[in-house]
C-alpha cells in the first residue's frame with residue numbers, strides 16, 4: 028500500500044473507530060503491572076524472611092537511637108555524630124543482605140522479567156491483530172484476543188531473537204574493549220592504536236544495533252499479515268525493506284517526527300508539572316497510530332480497506348461524544364453498579380484496607396516520627412492546576428494498568444491493590460500527626476479509593492473471564508466482550524478520578540488546615 032494511503036487509513040481508522048482499537052492498548056498498558064507482581068511478592072517474602080530470622084531488630088534499635096530532627100539538618104549544617112549512629116545503621120543494613128534475601132529478590136526479578144517478556148509478547152500480538160482487523164473492517168477486539176493466543180509463540184520468538192541479537196553484538200563489543208584494555212595495561216605503548224580501534228568499533232556497534240532494529244520493524248506485521256512464524260516473519264520483514272526501501276524510510280521519518288514531537292511535548296508537560304499527560308497521549312494516539320501506519324504500509328495488494336478521513340460514514344463529533352458517554356455510563360452500570368460488580372468492589376475495598384493495615388503495621392518500630400505536618404494549605408500552592416491534572420492522569424493510568432493486568436487471572440490486580448493500600452499505611456505510620464494526615468487523605472479518598480476499588484473489580488472480572496477462556500468454557504468473543512466492557516467502564520471512571528483529583532488539589536489542603 029502507498030504510504031499516503033496508509034497514513035490516511037491509519038488516521039481515519041483511529042479517529043472514526045477509537046473504541047475498536049484502544050482496548051488493545053489499554054490491555055497492553057497492563058503488562059507493566061503484571062510484570063511487577065512477582066518482584067513485589069518477592070520483596071514481601073524477603074521482608075517476612077528477615078522478620079522471622081530476627082534481622083530487623085538491629086535496624087529497629089539503630090533507628091530508635093536516631094534523632095529525627097538531625098536527619099533534616101544533615102547536609103545543611105554540622106550534626107552531632109551521636110544524633111545519627113552511622114556505624115550501627117550501616118551494620119544493620121548490611122545484615123539485611125543475607126544469601127536467602129538476595130536469592131529471593133534475584134529470582135523474583137528474573138521471573139518478573141520473564142513474565143514481562145511473555146505477557147508483553149502476547150499483548151503486542153493482540154495489538155497488531157487488532158489494528159489489522161480494524162483496517163480491514165473486521166471485529167478488532169475479538170481478532171486481538173484470538174491473535175494474542177494464537178500468535179504468542181511467534182511473538183515471544185521475535186522478542187527473544189531481537190533482544191538476543193542486541194545482547195550478542197553488545198557482548199562482542201564489550202569483549203573487544205576488555206581485551207583492548209588488557210593489552211593496554213600490558214603494553215601502554217599500544218594506547219594510541221587501542222584508542223583508535225575503540226573509536227572505530229563504537230560506530231560499528233551502533234550501526235549493528237540500528238540494522239537489527241531495522242530488520243525487526245516490519246517482522247510483527249509479517250507474522251500477522253502473512254500468517255507465518257518467527258523465522259519467516261524476520262525474513263519477510265527484512266525482504267520488505269529490500270523491496271520497498273522508500274516506504275521504510277517514509278515510515279521511519281513519520282515515526283521519528285512523531286517521536287520528536289512527543290518528546291518536545293513531554294518536556295513541555297514536565298515543565299508545566301503534568302508529565303503524565305504525555306503518557307496518556309502515547310497510550311491513546313502515538314502507539315496505536317504507528318502500529319496502524321506500519322500495518323497499512325506492509326499490507327500490500329489491497330488487503331486493507333481505507334476511507335477518507337471523517338468520511339460520510341463518520342458521525343458528527345457531538346453525536347459520537349454523546350454515544351461514547353452513553354456507552355461508558357452503560358458499561359459502568361453493568362460492570363460496577365450491578366450486584367456482582369458491587370460485591371467485587373467491596374472485596375477490593377477490603378483488600379485495599381488490608382494493604383493499608385499491613386503498611387501501617389510494617390512501619391512499626393521503624394517510624395522515626397516525622398514530626399508535625401507543616402501548613403497543609405501550602406502543600407500544592409495557591410492555584411494547583413498542574414497538581415490537579417497530574418494526579419488525575421496518574422490515578423487513571425494506575426486504574427487502567429490494574430484493570431487489564433487482571434487478565435493474568437486476577438492476581439496482579441489483587442497485588443496492586445495491596446501495594447497501593449500499603450503506601451497509604453506507610454505514610455500514616457511514618458507521621459506522628461495522624462489527624463492532619465487523615466485530613467490530607469480522607470476527603471479525596473472518599474472518591475478515589477472506591478474508584479480504584481471499582482477498577483480492581485473490573486480486573487477481577489477480567490481475571491475470571493480469562494480463567495474461563497483458559498479452561499475452554501467460553502470463546503474469544505466472550506472474552507473480547509468483557510474487555511470492551513472494561514474499556515468503556517474505565518472511560519466512565521475517568522470522570523470520577525477527575526473529581527477526586529480536584530478535591531485533592533484544591534479542597535483537601537484547606538480541609539486539613541482546619542485541624543491545625
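Residue numbers (my numbering): 28 to 543. We treat Cβ as the ideally placed atom computed from N, Cα and C, and that holds for glycine. Note that the structure is a prediction, hence the values are computed from the model and not measured.
Proximity of residue i and residue j at Cβ, strictly below 9 Å
i	j	result
residue 246	residue 260	yes
residue 503	residue 142	no
residue 136	residue 66	yes
residue 480	residue 376	yes
residue 427	residue 447	no
residue 429	residue 482	yes
residue 390	residue 457	yes
residue 499	residue 435	no
residue 524	residue 422	yes
residue 552	residue 249	Summary: the structure shown does not reach residue 552, with the chain confined to residues 28 through 543, and so no result is reported for it.
residue 46	residue 351	yes
residue 196	residue 235	yes
residue 278	residue 244	yes
residue 116	residue 144	no
Exposed unless 16 or more other CB atoms sit within 10 angstroms - verdict on residue i
i	result
residue 335	Caution applies to residue 335, whose pLDDT of 45 falls short of 50 and renders its modelled position unreliable; the value that the coordinates give is listed next. Looking at its Cβ environment, which holds fewer than 16 other Cβ atoms inside 10 Å, residue 335 is exposed.
residue 60	buried
residue 29	exposed
residue 154	buried
residue 328	Annotation note: pLDDT 45 at residue 328 (below 50); position unreliable, no value reported.
residue 173	buried
residue 270	exposed
residue 41	buried
residue 509	buried
residue 231	exposed
residue 330	Only weak support is given to the placement of residue 330: the predicted model assigns it a pLDDT of 46, under 50, and the value that follows is read from those uncertain coordinates. Its Cβ having fewer than 16 others within 10 Å, residue 330 is exposed.
residue 63	buried
residue 114	exposed
residue 539	buried
residue 294	exposed
Integer Cβ distance of residue i from residue j, believed to fall under 8 Å
i	j	result
residue 162	residue 323	6 Å
residue 89	residue 119	5 Å
residue 420	residue 301	7 Å
residue 529	residue 415	6 Å
residue 371	residue 505	No, residue 371 and residue 505 are not in contact; Cβ-Cβ is about 18 Å, not under 8 Å.
residue 469	residue 454	Actually they do not touch by this definition, with Cβ atoms about 13 Å apart.
residue 527	residue 474	4 Å
residue 156	residue 171	5 Å
residue 292	residue 488	Not confirmed; about 34 Å, so no contact.
residue 472	residue 386	Their Cβ separation, rounded to whole angstroms, is 14 Å, which puts residue 472 and residue 386 out of contact at 8 Å.
residue 203	residue 228	6 Å
Opening and closing residue of the alpha helix (DSSP H) in which residue i lies
i	result
residue 456	438 to 456
residue 29	From DSSP, residue 29 is part of no alpha helix (DSSP H); its letter is neither H nor E.
residue 495	461 to 498
residue 533	No alpha helix (DSSP H) contains residue 533, which DSSP labels as neither H nor E.
residue 413	412 to 431
residue 115	113 to 123
residue 275	272 to 299
residue 175	167 to 177
residue 143	126 to 162
residue 246	246 to 253
residue 323	314 to 325
residue 379	366 to 390
residue 306	303 to 308
residue 79	64 to 80
Residues near residue i by beta carbon distance below 7 Å, same chain, minus five either side
i	result
residue 384	452
residue 432	57, 60, 61, 439, 440, 443 and 486
residue 103	Its pLDDT being 48, under 50, residue 103 is placed unreliably by the model, and the measurement read from it follows with that caveat. If we look at residue 103 and ignore the five residues flanking it on each side, it has no Cβ neighbours.
residue 356	519
residue 511	50 and 168
residue 179	148, 149 and 152
Close Cβ partners of residue i (< 8 Å) along its chain, the five nearest in sequence each way excluded
i	result
residue 599	In the structure as shown, the chain starts at 28 and stops at 543, and residue 599 therefore has no counterpart that could be examined.
residue 285	313, 316 and 317
residue 289	305, 308, 309 and 313
residue 122	82, 85 and 86
Own chain partners of residue i with C-beta closer than 6 Å, once the 5 adjacent residues on each side are dropped
i	result
residue 340	Summary for residue 340: the model assigns pLDDT 43, below 50, so the residue's position carries little reliability; its value from the coordinates is reported in the next sentence. Nothing meets the Cβ criterion.
residue 69	131, 132 and 135
residue 192	239
residue 184	257
residue 514	50 and 53
residue 320	33 and 37
residue 182	148, 151 and 152
residue 146	58 and 61
residue 241	none
residue 496	506
residue 159	251 and 322
heavy atom of the ligand FMN below 8 Å from residue i C-beta
i	result
residue 389	Questions concerning the ligand FMN fall outside what the structure shown contains, since it holds no ligand whatsoever.
Neighbour flag for residue i against chain C, beta carbons, 9 Å
i	result
residue 450	Note that chain C does not occur in the displayed structure, where there is just one protein chain.
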